[in-house]
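For reference, the structure is listed below as structure tokens.
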Amino acid sequence: MKTKRTIYFMLITIGGMVMGFGDMYIKKEYALCIGIVLLMFGIYKSSQVWGLGNTTSAKDSEEEKK
Numbered sequence: 004m005k006t007k008r009t010i011y012f013m014l015i016t017i018g019g020m021v022m023g024f025g026d027m028y029i030k031k032e033y034a035l036c037i038g039i040v041l042l043m044f045g046i047y048k049s050s051q052v053w054g055l056g057n058t059t060s061a062k063d064s065e066e067e068k069k
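In terms of this note's numbering, the sequence shown opens at residue 4 and continues consecutively.
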């Protein structure tokens with residue numbers, strides 16, 4: 004589970020770096036597009052992984068209230 008978080012964090016970091024420094028290697032528009040795609044994919048997937056942990060604890064707390 005922690006491996007996925009590391010991979011998604013790397014996607015976020017690489018996406019930010021491509022957005023920032025990508026214009027040195029390719030056209031600025033392409034660098035921004037690729038960087039945004041990597042960044043948003045990393046954020047989306049990491050929010051799903053971290054959200055899974057919160058739902059189980061929320062279900063446990065609801066069961067304890069009953």
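In this text, a Cβ means the ideal position worked out from N, Cα and C, and glycines have one as well.
Keep in mind that this is a model prediction, so the values were computed, not measured.
Host alpha helix (DSSP H) of residue i (start-end)
i         : result
residue 5 : 5 to 24
CB-CB length for residue i against residue j, believed under 8 Å
i          : j          : result
residue 35 : residue 18 : With 8 Å as the limit, residue 35 and residue 18 do not qualify as a contact, their Cβ atoms being about 10 Å apart.
residue 46 : residue 15 : 6 Å
Secondary structure of residue i, DSSP reduced to three states
i          : result
residue 28 : coil
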